[in-house]
Structures are given as structure tokens and as C-alpha cells.
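Reading through the C-alpha cells given below for one structure.
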Amino acid sequence: MIVNPRIYAASTTRILRQLRTDRRTVAMILFVPSLIMVLLYFLYQNVPTPAGQVPLFDRIAITMLGIIPFIVMFLVTSIAMQRERSSGTLERLLTTPLSKLDLLAGYGTAFSIAATAQAALACGVAFWFLSLTTQGSALWVILIAVVNAVLGVALGLLCSAFARTEFQAVQFMPVIVIPQLLLCGLLVPRNQLPQWLEWISNVLPLSYAVEALQQVATHPGTTALMWRDLGIVALFVAVALGLGAATLRRRTP
Amino acid sequence: MTEAPESSAARPAPLAVEIHGLDVTRGGAPALLDVTLSIARGSITGLLGPSGCGKTTLMRCVVGTQIVESGTVTVLGRPAGSAPLRSRVGYVTQEPSVYLDISIRDNVRYFASLYGRGNDAVAETIEAVGLSAHAHHAAGDLSGGQLSRVSLACALVGRPEVLVLDEPTVGLDPVLRAELWEHFASLAASGTTLLVSSHVMDEADHCESLLLLREGRLLAHVPPDELRRRTGKSNLEEAFLVLIRDQQVGVQP
Numbered sequence: 074m075i076v077n078p079r080i081y082a083a084s085t086t087r088i089l090r091q092l093r094t095d096r097r098t099v100a101m102i103l104f105v106p107s108l109i110m111v112l113l114y115f116l117y118q119n120v121p122t123p124a125g126q127v128p129l130f131d132r133i134a135i136t137m138l139g140i141i142p143f144i145v146m147f148l149v150t151s152i153a154m155q156r157e158r159s160s161g162t163l164e165r166l167l168t169t170p171l172s173k174l175d176l177l178a179g180y181g182t183a184f185s186i187a188a189t190a191q192a193a194l195a196c197g198v199a200f201w202f203l204s205l206t207t208q209g210s211a212l213w214v215i216l217i218a219v220v221n222a223v224l225g226v227a228l229g230l231l232c233s234a235f236a237r238t239e240f241q242a243v244q245f246m247p248v249i250v251i252p253q254l255l256l257c258g259l260l261v262p263r264n265q266l267p268q269w270l271e272w273i274s275n276v277l278p279l280s281y282a283v284e285a286l287q288q289v290a291t292h293p294g295t296t297a298l299m300w301r302d303l304g305i306v307a308l309f310v311a312v313a314l315g316l317g318a319a320t321l322r323r324r325t326p
Numbered sequence: 376m377t378e379a380p381e382s383s384a385a386r387p388a389p390l391a392v393e394i395h396g397l398d399v400t401r402g403g404a405p406a407l408l409d410v411t412l413s414i415a416r417g418s419i420t421g422l423l424g425p426s427g428c429g430k431t432t433l434m435r436c437v438v439g440t441q442i443v444e445s446g447t448v449t450v451l452g453r454p455a456g457s458a459p460l461r462s463r464v465g466y467v468t469q470e471p472s473v474y475l476d477i478s479i480r481d482n483v484r485y486f487a488s489l490y491g492r493g494n495d496a497v498a499e500t501i502e503a504v505g506l507s508a509h510a511h512h513a514a515g516d517l518s519g520g521q522l523s524r525v526s527l528a529c530a531l532v533g534r535p536e537v538l539v540l541d542e543p544t545v546g547l548d549p550v551l552r553a554e555l556w557e558h559f560a561s562l563a564a565s566g567t568t569l570l571v572s573s574h575v576m577d578e579a580d581h582c583e584s585l586l587l588l589r590e591g592r593l594l595a596h597v598p599p600d601e602l603r604r605r606t607g608k609s610n611l612e613e614a615f616l617v618l619i620r621d622q623q624v625g626v627q628p
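See below:
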């Protein structure tokens, strides 16, 4: 997938350098998910847990650990890429030997590094300080969170092609994120949805990400279903990146 | 008829750019009409004409970012925009297209790595555009003139054989303009072909030949002195106006 390793590495470094100069964004990427975990913890502190059931906080927190990186990285990426398009740097890059996939992979890698730090911190806070418990290992939760972040990056890259301004890029957030949030099984178990909503839910990637997280929550070790779900999310990533590459045109009218 | 054969006959050297019967439509209106010309290697060619006459469109055709209606554009013996040309043709857009949030050095270093150039090329190029003292400053903190020099450096660092510059001297003080033209002359002396657009005629004398463009048509392709001789005007601005008036009454130049 990477055409020229030197150009891919240089693009990743450049994007990370740009991110690093924006300290406020870095701080928000790193700490906001952890703070939301803390907020969730206190939100459910006084809600009684019926005997033999999983505490509500545990059920919600594990899902949120997967969803938040998706939302944050979708926003960051769609705006970063929109900026690359509107500033003229994208057109310029496409006159150089850079291949489109090297650029997209550079974005994917740079933001995934940020997402890994974010997910590790949020999981650390949730598991150590807020006594979140899962049957499976916290490492699997981090892995799924990172895959979700990559999904956010891929969809963000794709959606940026349809936004002329940063304002429009932000508006894609509710369009892409909220329906997935409602239908992913967090609010209503997917098998209790009306048939037609379940069908829609079946073609949304976040549904599979959340199912994978629930597998980790309820099973020690990994399950075949978890790997299948992760594979489906990875497939969505590949398709979104491919479509995103198709929207980068070297020749324009 | 244009005067392209004249200059190519005088120079048996291989051609850097050959354009034949080029038609381009932008936004539903014709932007270039039946443009035919050729540019010799190692020359400086000025592209002149009022704003909106198609200068940028013609440059985009040479770089290969413009979708063309009909006609052929050949650069260094290959179709414009083809993959092997991407490391041999440099393009500097009118608006400086660089990354404002990283330093001058990081900008130039990024483009250097796209072209496979090392750190010595980076330092040399920043020196050549007179920004060594500011190399560690964020591009966003620079003045307009400095920024356009960063943008120029990002193309120069690739040591292109053909350099396409869209209004590179806009907003520069007279001293810097003179320095930049000296630099262009030394590049041409070392074999680089430069195509430089401007809407001010007083820069035309730095060029070996001039392309005079108006409303998408090539009015003439002549050396500055030939333009003076033909129109009987010593001032190039007046000479251009004479040429336009002759066109309007249907007299071929």
C-alpha cells in the first residue's frame, strides 16, 4: 500500500510536526477522553447495580472507550485534510512525486500515533482509577480503540472531499457520527431494534466495533466474533481510504 | 498565427515545452483558445497579460494539473503531468502554498524529501532565497514577501529542470525583486527552463522571450526587443497596448 517509504515517512513526520505545534489540540486529544471517563464514573456512582449484573458504568464506559477516539479522530482529520485542500498545499503535493496513498497513509499513521496515546491514557484511567472491569484484557480494548481511531481518520479523509470549508467539515460530524452512535447497540441492543433499523445498523462500521468491545467485556481471551468484527472494521477503513484516494485528483477543471 | 517557429528555429536545442492547438474551458467559459507555442531549454520566458487572461491556466497546463479540452502539451518530451515529470518540473502557485504552522526549514525539508534531496540542498536553497536568518521561524509568522520566498524555496529545493512560477515577485520590494531575477538568470544559465508570469510589463526585460496573452489567445511570442521594433514603442507597456489595438482591428502581428 505504501508506494515510497521515504515520502510516506516524511509525510508522517510533517503531519506530526504540525500537530505538535498546536499544543492546545494535543492536550485536548490526550486528556478529554480521560475526563469524560471520570465524568461517566460519577454520573453512575449512585445508580444501584442489581445482583448478578454488570454495573452500568462498566457497560457504558467500555463502549465509550471505543467511540470517543473515533469521534475525535474523525473531526481532527476531516479539518486537517480540508485545510490541506483549501490552502493549495494539496494541489502542490500532487505535482510532486508523492503518491496519493503515501499521503493518506501518512495521515493515517500520524493520527493513529496520537490515537494510541489517547486510548492508552483513557484506558489507564478507566481501568486503574475508576476500577472498570472486563473479562478480557485491557490491551484488547486499546487495540480496538486504535482501530476505531483509524476508522475515524479514514472516514474523515473521505468526508473532507465533500466539504468546501472548515464549517462544512465540522457539519459532517453529526451526519456521520450520531446515527452510528444511536444504532451501534449502546442505547438499545441491536437485536431489539426494528428490523429496518437493524439492517441499517448492520452496514455501519461502529456497530461491529462496539460488538467487538462487548466481546472483550464478557469473554476472557479473544473470541472469533471479536476478530471477525475487527476484520469488518478494517475492511471499512480500506474502502474509505481507497475512496478517499479517488477523491484526490492530480488534474482539476 | 503565433510566432513560435521563429524562436525554435533560432535555437536548435531540444525543446522544454511544446504546446499545440491547446483549448481549455474553465467554469463553462473558454480560458485558452488554440494556443500553440514552444519554449527552448535553458531560457527565461515571460508570460504576460492582464489579469484573467489565462496565464495561470496556461501554467497549470504545463505543470499538468489542468484538465484540457483539446490539444497537446509536451514537457521535456513527455505528456505534461506524466509521472516521470513530477520530479523534473517545479511549480510555484500565485498564493504561497506552504504549511503555516511549521518552520521554514521544516517546510523546505519536507519538499526536499519528496524530491529525494538531502539536508545540504535544504540549507543551500534557504540561503538562495535569503531566509537563512529566519529558517527556524514558523512560516505563519512571516511577511507576505517572505512567505512567497518560502513557497519558491519549496520548488527550488527539488532542482527542477523546468520551473513554472506564477507571479513570483508580487509584493516584493525592488531590491528583492532584482535579487530574485538575478537568481532566475543564474538558474537559466545552468540549464533550467523558467516560465514566469507577471502582470507588470517592467519585468519583461529580464526575459529572453515574451508570451503575450489576452482573453485566452496568444497575441505574440517574441523577444522584448522584437516587440519594441515591431510596434515602434520603446516602452513595453505601450508596445503591448499597440499590439492589442492592432488585434482589435484585425491586423495580424
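First to last, the sequence lines map onto chains A and B. Going by my numbering, 277 is the number at position 204 of the first sequence; the sequence numbering is gapless. Going by my numbering, 423 is the number at position 48 of the second sequence; the sequence numbering is gapless. Even for Gly, the Cβ is constructed at its ideal location relative to N, Cα and C.
Supposed contact pair residue j and residue i - C-beta distance, whole angstroms, cut 8 Å
i, j, result
"T411 (chain B)", "H395 (chain B)", "5 Å"
"L171 (chain A)", "I80 (chain A)", "5 Å"
"G505 (chain B)", "E554 (chain B)", "7 Å"
"Q622 (chain B)", "L588 (chain B)", "With 8 Å as the limit, Q622 (chain B) and L588 (chain B) do not qualify as a contact, their Cβ atoms being about 12 Å apart."
"P106 (chain A)", "P142 (chain A)", "7 Å"
"I442 (chain B)", "P326 (chain A)", "5 Å"
Proximity below 7 Å, CB of residue i to CB of residue j
i, j, result
"I135 (chain A)", "Q191 (chain A)", "no"
"M154 (chain A)", "S233 (chain A)", "yes"
"D600 (chain B)", "M434 (chain B)", "no"
"F184 (chain A)", "T162 (chain A)", "no"
"A406 (chain B)", "G429 (chain B)", "yes"
"A563 (chain B)", "G417 (chain B)", "yes"
"P549 (chain B)", "L527 (chain B)", "no"
"A643 (chain B)", "R603 (chain B)", "The structure shown does not extend to residue 643 (chain B), since chain B is modelled only from 376 through 628, so no value can be given for it."
"C196 (chain A)", "V214 (chain A)", "yes"
"E393 (chain B)", "T449 (chain B)", "yes"
"A508 (chain B)", "I479 (chain B)", "no"
"L167 (chain A)", "A318 (chain A)", "no"
"V219 (chain A)", "M110 (chain A)", "no"
"P535 (chain B)", "R463 (chain B)", "yes"
"G452 (chain B)", "L538 (chain B)", "no"
"A458 (chain B)", "T568 (chain B)", "no"
"A83 (chain A)", "S523 (chain B)", "no"
"L314 (chain A)", "A227 (chain A)", "yes"
In DSSP terms, what residue i is bridged to
i, result
"A513 (chain B)", "B:S478"
"S573 (chain B)", "B:L423"
"D541 (chain B)", "B:S572"
"E284 (chain A)", "Paired residue(s): none; E284 (chain A) is not in a bridge."
"D398 (chain B)", "B:S445"
"R453 (chain B)", "B:V450"
Contact set for residue i: own chain, Cβ-Cβ below 8 Å, skip 5 residues either direction
i, result
"R484 (chain B)", "N494 and V497"
"L277 (chain A)", "P252, Q253, L256 and C257"
"E378 (chain B)", "With a pLDDT of 44 at E378 (chain B), under the threshold of 50, the modelled position of this residue cannot be trusted; read the value that follows with caution. Cβ within range, chain order: A595, H596, V597 and P628."
"K173 (chain A)", "L167, A318 and L321"
"F104 (chain A)", "L194"
Contacts around residue i, its chain only, beta-carbon distance under 7 Å, and the 5 residues preceding and following it disregarded
i, result
"A579 (chain B)", "G421, L423, L585, P599 and L611"
"Q469 (chain B)", "T431, D541 and E542"
"H292 (chain A)", "Q208 and G209"
"T85 (chain A)", "G179, T182 and A183"
"T500 (chain B)", "V483, A528, L531 and V532"
"D476 (chain B)", "A513 and G515"
Neighbour-count burial assignment, residue i, 16 or more Cβ in a 10 Å radius
i, result
"T511 (chain B)", "Strictly speaking, residue 511 (chain B) in this sequence is His, with Thr absent from that position. Classification for H511 (chain B): exposed."
"Q91 (chain A)", "buried"
"V120 (chain A)", "exposed"
"L321 (chain A)", "buried"
"N264 (chain A)", "exposed"
"R492 (chain B)", "buried"
"F309 (chain A)", "buried"
"N482 (chain B)", "buried"
"I88 (chain A)", "buried"
"F130 (chain A)", "buried"
"L138 (chain A)", "buried"
"E502 (chain B)", "exposed"
Chain-ordered chain E contacts of residue i [CB-CB under 8 Å]
i, result
"I479 (chain B)", "Within the model displayed, chain E is absent; protein chains A and B are what it includes."
Residues of its chain near residue i, where Cβ-Cβ distance is below 6 Å and the 5 sequence neighbours each way are ignored
i, result
"S426 (chain B)", "H574"
Near the ligand MG: residue i beta-carbon under 6 Å from a heavy atom
i, result
"P252 (chain A)", "Ligands in the displayed structure: none, and consequently the ligand MG is not present."
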